[in-house]
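Participant:
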Amino acid sequence: MAAPLTLLLIVAVTIRAVLFRSSLAELIVERVEVVSPLNAWKRVVEGLALLDLGVSPYSGDVFHETPLMIYLFHFMVDYAEIVFMIADGITAVALYLSIQTYNKNVFRKQKYALESDRYPADCLELLRSPKEMFYIPLKVAMFYLLNPFTILSCVAKSTCGLNNAIIALFILCTLKGSALLSGILLALATYQSIYPLTLFAPALLFFLQRLYIPVNLRRSSFWFFTLQYAFIYVGSLVVITGLSFFLLGSWDFIPSVYGFIFSVPDLTPNIGLFWYFFAEMFEHFRLFFICVFQINVFFYTIPLSIKLKEHPVFLIFMQIANNLEDRPYPTVGDVALYMAFLPAWSHLYRFLRNIFLVSCVLLACSALFPVLWHLWIYAGSANSNFYYAITLLFNFGQILLVSDYFYAYLRREHHLTHGLYLKKKDGTEATLVLK
Amino acid sequence: MGLLSDPNRRKALTNLLTRLNTPICIVCYLAAIVWFMGLAFEPFTLRTYMSENAMGSTMVEERFSSGERALSLAKEFDAHKRKAGGMPVEWLVKAMQARGLEVFTQSFSRKLPFPDENKERYMVGGRNVYGILRAARAPRTEALVITAPCSPGNSNNQAVGLLLALAQYFRNQIYWAKDIIFLVNEHDLIGMQAWLEGYHHTNITGMEYSPLQGRAGSIQAALALELSGDVITSLDLILEGLNGQLPNLDLTNLFYAFCQKLGALCTIQGKLQRNDWDTAEGYTHAAQTMMLMVLKQACGRSWGDHGLFLRYHIEAASIRGINSFRHYKTDATTIGRLVFVFCIKQWYKHHSVYFFSFCPTVKCYIMEVELICRCRCSCITLAFSVSLQPSSPGMLTVLTPVVISHLTGVALYLLPVHLQEMAVEHFPVSETEAVVLTAIAIYTAGLALPHNTQRLLSGEGTEQGWKVLKLTALLYLAVLLGCTALINFSLGFILAVTLVPITASITPHMPKALCALAMVLLSPAFTILYCVFIYQELIEAPVSVGEGWMLFLSVISQGILDHALYGSLVYPLLALFIYPCWLMFWNILFWN
Chain A
1 MAAPLTLLLI VAVTIRAVLF RSSLAELIVE RVEVVSPLNA WKRVVEGLAL
51 LDLGVSPYSG DVFHETPLMI YLFHFMVDYA EIVFMIADGI TAVALYLSIQ
101 TYNKNVFRKQ KYALESDRYP ADCLELLRSP KEMFYIPLKV AMFYLLNPFT
151 ILSCVAKSTC GLNNAIIALF ILCTLKGSAL LSGILLALAT YQSIYPLTLF
201 APALLFFLQR LYIPVNLRRS SFWFFTLQYA FIYVGSLVVI TGLSFFLLGS
251 WDFIPSVYGF IFSVPDLTPN IGLFWYFFAE MFEHFRLFFI CVFQINVFFY
301 TIPLSIKLKE HPVFLIFMQI ANNLEDRPYP TVGDVALYMA FLPAWSHLYR
351 FLRNIFLVSC VLLACSALFP VLWHLWIYAG SANSNFYYAI TLLFNFGQIL
401 LVSDYFYAYL RREHHLTHGL YLKKKDGTEA TLVLK
Chain B
436 MGLLSDPNRR KALTNLLTRL NTPICIVCYL AAIVWFMGLA FEPFTLRTYM
486 SENAMGSTMV EERFSSGERA LSLAKEFDAH KRKAGGMPVE WLVKAMQARG
536 LEVFTQSFSR KLPFPDENKE RYMVGGRNVY GILRAARAPR TEALVITAPC
586 SPGNSNNQAV GLLLALAQYF RNQIYWAKDI IFLVNEHDLI GMQAWLEGYH
636 HTNITGMEYS PLQGRAGSIQ AALALELSGD VITSLDLILE GLNGQLPNLD
686 LTNLFYAFCQ KLGALCTIQG KLQRNDWDTA EGYTHAAQTM MLMVLKQACG
736 RSWGDHGLFL RYHIEAASIR GINSFRHYKT DATTIGRLVF VFCIKQWYKH
786 HSVYFFSFCP TVKCYIMEVE LICRCRCSCI TLAFSVSLQP SSPGMLTVLT
836 PVVISHLTGV ALYLLPVHLQ EMAVEHFPVS ETEAVVLTAI AIYTAGLALP
886 HNTQRLLSGE GTEQGWKVLK LTALLYLAVL LGCTALINFS LGFILAVTLV
936 PITASITPHM PKALCALAMV LLSPAFTILY CVFIYQELIE APVSVGEGWM
986 LFLSVISQGI LDHALYGSLV YPLLALFIYP CWLMFWNILF WN
């Protein structure tokens, strides 16, 4: 399987290299859908210039990257394009390996269950065969590398490509069972953009399941491992933050990076829902709604973790996707990361109900974003409401997509325990409804 | 979420849609056309209004009375133009300076991609002269532009004369709160493009120009004058700009209101408005006016010198003086007053009306959004119908025709201009003809491509394959038409009317010859041909088939030139998107 993956990487790098050289690159860099104030390359360059002049890059309100990132590019600025291409490559390979591992685990579990005769007789068609699972890792890598969203994001040199690489490596380390590396990478991802914090729960659940420790608050082994993992995580977070402090010599970056994420001062239009809402709102409600919106991101962790505690990998996917819809500065690069996982759930296809509608919505929205932007900003025949309407529709599509997969996953699990052809009490055919 | 998550209700809905698919499609299509033609019927459209009281026709006293002086200046300008054999730059600079303006010139040059046979130019070089009247009463942050082209021959002398006379009059008033720029541009739109790019420090089309020495504030509005006779009978208001952009509706209303107040005849599309909307003739007249506007807007070129201003979000219009055999005469004084009023009124920023789309009659305007829904609804329903058929595998088999169609499109876009030298070498044609004929040749060659490659690459096509391809193509077409209709409604509408019926109903099982003929007759190139004939019919200058064909060729060359010179989007849209999309349907027809 190494040969197709190499070929895929070569194709992906070629496409990116061609686009970097073409005149389209300048156009893409300016698109608000592709870059946000958090990860725009222009701002990185500005920060680097300030750093070279001996000024703190965080003075002024332009630069919002973390200190480690600016020191990375301090040395690599001449090779930026290569760095971004490598980051995409790393993400793809990491996702490839993780899904391969995950599939092996799933298949093993399925084999044990089958041997112990736990599946109802009519469910055999729901079981997964090695043949159909063989190409899934490659498809995942392809979905990431050849997704137009990823390509745009890479060509725009948006640093969310690097964040994606860190998250992908975190997933890989988790699935490979290395608690130490997983904790460190999760800390790094959190340090980069805070929201991966919600991945703590699925990672913990995964390790507990792997070590056969039941989730039971009275058991000391549960608490022992949780504290151990939390310690790795918090410890590395403290170390990384301390390191940033020593690199920069000041705590400026805390308000400038995390304050900027939490208080949403920049209302440049993007594909998220924050900008319009906060632009339209009365100032004295601002704090309240910021709290509501930000809690929204973290809130879903609890119910989802309870519902999906047996399926931590699916929980990771749900968390990444959920995070994205509720964060203040999303870009299409973030969307690409969770879309890469879709082939891994291809066995849910028969239970998906809105996939055609969703793909139409996402397709139409992607085309309408630049058109309505043009009408609003240049032609003057539309206004911000039009653009926001498309943003709403885009987010509606994503939510529908995620909830559809959630429903399909639960439904498949239900069928695996209760049989495929459900009967009502009176003997007629029953249908499952998500309420 | 009931509708989306309850399987029973969903099933009922999908069943209904599949069963009623054909009637729904037909009804949508017909409703869109009927609705559209209904727009020309006055009771269906909303009345126009002045969205600001300040724009009303009161509160201005127009005292400009130097119409005679304008005409004498025009004669003087004419004499100097003849003497200089082009634009009399020195004389203009002196004349403007004598009127107390800050005068600057800008030189520019541009090599066209191929010779323009309509205007007979290839290597263009010239100079723009402009004078700035500084605002006396306010900081110089905003500006107005009044422009007159310096055209070869006898035309437009009066416009320049009027411009100079107005400059003199304006200089004597003390209440201006905006800078006023008087611009005389050479080589019509090319000069205008150079000036605008210089003013805004952009360079979109690779024109060479010298930087502007003097600037005023950001331009709020612009007015282009085209007068070619001492006496005119009516004023024609030209609105259509580049890519079908239109100025704010208030601007139009303002003109109409003041023309009435000053007693001048105001026409749009060269047609005088009638009041008898309830008669058949009145309706036909309104429909003709509307169709003319739709055709002009759809072709995406700028119909007056004002057209390029719209790209910079500046409200602009052209006034053309028309001398027909009407009894009623208007003199230069009246036009001067009109321009004066225009300048006075521009202190109010236009902002209210967003969806100004057509003027079936000058008095009426139309909400555009409803229309888009109508036309897109038909496409989407169609797409939906196909989707309900199972279509799981074979996404990869679709890729081949899609890629091939798009490569043909890219060839159609790139090759005509790049291959002209080779074509001229081997065939006895001029460069312009070479470009147009290459384009037509590639277009025709594209028809042969898909169905041959299909056989070659994947053998016999499967039933599943064409359904997936049709689904992809329909979705693509729907998105494409939706986006086009948003940017340039008229173009989107014309394309939808011609493309939708055949693309919606196409299958490989239909009689080949008949269907192929229908598809070719409804293809984008033939749509252009029909538009040429309809346009000629509407401006009351019908042409024979031969002349129509020559016009068709020149329309194509002008389209390519407009794209290269001013960045008009119609040619790339047709070549890179619509044509490949149409080829995909062509592919379906010859699937097995």
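Going line by line, the protein sequences match chains A and B. Here the first sequence is numbered in this note's numbering, starting from 1 and rising by one per residue. Here the second sequence is numbered in this note's numbering, starting from 436 and rising by one per residue. Even glycine gets a Cβ: it sits at the ideal position worked out from N, Cα and C.
I'd like to know if GLN680 (chain B) contacts chain A, where contact means its C-beta is closer than 8 Å to some C-beta of that chain.
Facilitator: Yes, GLN680 (chain B) counts as interfacial toward chain A.
Participant: Report, in whole angstroms, the separation of the C-beta atoms of LEU658 (chain B) and CYS694 (chain B), which I expect to be a contact under 8 Å.
Facilitator: Incorrect: roughly 14 Å between the Cβ atoms, too far for contact.
Participant: Let's test the definition: count the other Cβ atoms within 10 Å of the Cβ of VAL436 (chain A) and tell me whether it reaches 16, buried, or not, exposed.
Facilitator: The question about residue 436 (chain A) has no answer here: the residues shown for chain A are numbered 1 through 435.
Participant: List the endpoints of the continuous beta strand (DSSP E) containing LEU585 (chain B).
Facilitator: First, the residue type needs correcting, since residue 585 (chain B) is Cys and not Leu in the sequence shown. Per DSSP, CYS585 (chain B) belongs to the beta strand (DSSP E) from 577-585.
Participant: Does chain A have any CB closer than 8 Å to the CB of LEU854 (chain B)?
Facilitator: No, no contact with chain A.
Participant: Beta strand (DSSP E) containing ILE754 (chain B): first to last residue?
Facilitator: Its beta strand (DSSP E) spans residues 750-757.
Participant: Put SER787 (chain B) into one of helix, strand or coil per three-state DSSP.
Facilitator: Because the pLDDT of SER787 (chain B) is 38, which lies under 50, any placement of that residue in the model is unreliable, and the question is left without a value.
Participant: Can you check which of these residues, A:LEU126, A:ALA49, A:SER193, A:ARG16, is closest to LEU348 (chain A) by C-alpha distance?
Facilitator: The shortest C-alpha separation from LEU348 (chain A) is found at A:LEU126.
Participant: Among A:THR190, A:PHE406, A:LEU337, which residue has its Cα nearest to the Cα of THR66 (chain A)?
Facilitator: That would be A:THR190, whose Cα lies nearest to the Cα of THR66 (chain A).
Participant: Applying a beta-carbon distance threshold of less than 7 Å, which residues of chain A neighbour VAL914 (chain B)?
Facilitator: Per Cβ cutoff of 7 Å: LEU363, ALA364, ALA367.
Participant: Just the C-alpha distance for PHE278 (chain A) and SER653 (chain B), rounded to the nearest angstrom, thanks.
Facilitator: One C-alpha to the other measures close to 30 Å.
Participant: Can you have a look at MET945 (chain B) and say buried or exposed, based on whether 16 or more other CB atoms are within 10 angstroms of its CB?
Facilitator: Looking at its Cβ environment, which holds fewer than 16 other Cβ atoms inside 10 Å, MET945 (chain B) is exposed.
Participant: If you measure from the beta carbon of ALA440 (chain A) to each beta carbon in chain B, is any gap under 8 Å?
Facilitator: Only positions 1 to 435 of chain A appear in this structure, which leaves residue 440 (chain A) out of reach.
Participant: Which residues of chain A have a Cβ atom closer than 7 Å to the Cβ of CYS918 (chain B), listed in chain order?
Facilitator: ALA367, LEU368, VAL371, listed in chain order.
Participant: For LEU906 (chain B), is the classification buried or exposed, using 16 other Cβ atoms within 10 angstroms of its Cβ as the cut-off for buried?
Facilitator: Label assigned to LEU906 (chain B): buried.
Participant: Thinking VAL871 (chain B) and ILE991 (chain B) are a contact (beta carbons under 8 Å), I'd like their distance in whole angstroms, please.
Facilitator: Confirmed, about 5 Å.
Participant: Hey, how far is the Cα of TRP984 (chain B) from the Cα of ILE1023 (chain B)?
Facilitator: The alpha-carbon atoms of TRP984 (chain B) and ILE1023 (chain B) are separated by roughly 30 Å.
Participant: Taking TYR565 (chain B) as the reference, which of B:ASN592, B:ILE616, B:HIS636 has the closest Cα?
Facilitator: Of the candidates B:ASN592, B:ILE616, B:HIS636, the one whose C-alpha sits nearest the C-alpha of TYR565 (chain B) is B:ILE616.
Participant: When you compare the CB positions of LEU199 (chain A) and PHE225 (chain A), do they come within less than 8 Å of one another, or not?
Facilitator: Contact flag unset, no.
Participant: Under the rule that 16 or more other beta-carbon atoms within 10 Å means buried, what is ALA216 (chain A), buried or exposed?
Facilitator: The sequence shown places Asn at residue 216 (chain A), rather than the Ala named in the question. By the neighbour-count rule (16 or more Cβ atoms within 10 Å), ASN216 (chain A) is not buried but exposed.
Participant: Based on the DSSP secondary-structure assignment, which residues constitute the bridge partners of TYR349 (chain A)?
Facilitator: Note: TYR349 (chain A) sits in no beta bridge, so no partner.
Participant: Of all Cβ atoms in chain A, is any one closer than 8 Å to the Cβ of SER813 (chain B)?
Facilitator: In this prediction, SER813 (chain B) scores a pLDDT of 47, lower than 50, which makes its location untrustworthy; the coordinate-derived value is nonetheless stated afterwards. No, SER813 (chain B) does not count as interfacial toward chain A.
Participant: Report, in whole angstroms, the separation of the C-beta atoms of SER586 (chain B) and GLN732 (chain B), which I expect to be a contact under 8 Å.
Facilitator: Not confirmed; about 24 Å, so no contact.
Participant: GLY588 (chain B): which of B:LEU910, B:GLN603, B:GLY664 sits nearest, CA to CA?
Facilitator: With distances taken between Cα atoms, GLY588 (chain B) lies closest to B:GLY664.
Participant: Distance check for ARG353 (chain A) and SER346 (chain A), CA to CA, integer angstroms please.
Facilitator: Rounded to whole angstroms, SER346 (chain A) to ARG353 (chain A) spans 13 Å at the Cα level.
Participant: Where in the stretch 622-687 of chain B do unbroken runs of the beta strand (DSSP E), each at least 3 residues long, occur, reported from the N-terminal end onward?
Facilitator: Here the runs fully enclosed are 653-661, 669-673.
Participant: Given that a residue counts as buried once 16 or more other Cβ atoms are within 10 Å of its Cβ, and exposed if not, what is SER236 (chain A)?
Facilitator: It is buried - the Cβ of SER236 (chain A) has at least 16 other Cβ atoms within 10 Å.
Participant: Ignoring anything shorter than 4 residues or poking outside the stretch 247-312 of chain A, list the alpha helix (DSSP H) runs there in chain order.
Facilitator: If we require 4 residues or more, the alpha helix (DSSP H) runs fully inside the stretch 247-312 of chain A come out as 260-263, 274-280, 286-299, 301-307.
Participant: Can you pull the chain B residues whose beta carbon is under 7 Å from the beta carbon of ALA379 (chain A), in chain order?
Facilitator: Within chain B, the residues near ALA379 (chain A) are GLN680.
Participant: Taking LEU211 (chain A) as the query, report the chain B residues whose CB atoms sit under 9 Å from its CB, ordered along the chain.
Facilitator: Under the 9 Å cutoff, chain B gives no residues; its nearest Cβ is about 37 Å from LEU211 (chain A).
Participant: DSSP state of THR6 (chain A), grouped into three classes?
Facilitator: DSSP places THR6 (chain A) in helix when its eight states are reduced to three.
Participant: GLN603 (chain B) and ILE749 (chain B): beta carbons closer than 8 Å?
Facilitator: Cβ distance not < 8 Å, so GLN603 (chain B) and ILE749 (chain B) don't count as in contact.
Participant: Is ARG489 (chain A) close to chain B, meaning its C-beta is less than 8 Å from at least one C-beta of that chain?
Facilitator: Residue 489 (chain A) lies beyond the residue range present for chain A, which begins at 1 and ends at 435; the question has no answer from this structure.
Participant: Along the chain, where does the alpha helix (DSSP H) that runs through THR540 (chain B) open and close?
Facilitator: Taken as a continuous stretch (DSSP letters only), THR540 (chain B) belongs to no alpha helix (DSSP H), being part of the beta strand (DSSP E) at 537-551.
Participant: Could you tell me whether any non-hydrogen atom of the ligand ZN is closer than 7 Å to the CB of TYR112 (chain A)?
Facilitator: Questions concerning the ligand ZN fall outside what the structure shown contains, since it holds no ligand whatsoever.
Participant: Among B:MET531, B:ILE459, B:ARG556, whose alpha-carbon lies nearest the alpha-carbon of LEU1000 (chain B)?
Facilitator: That would be B:ARG556, whose Cα lies nearest to the Cα of LEU1000 (chain B).
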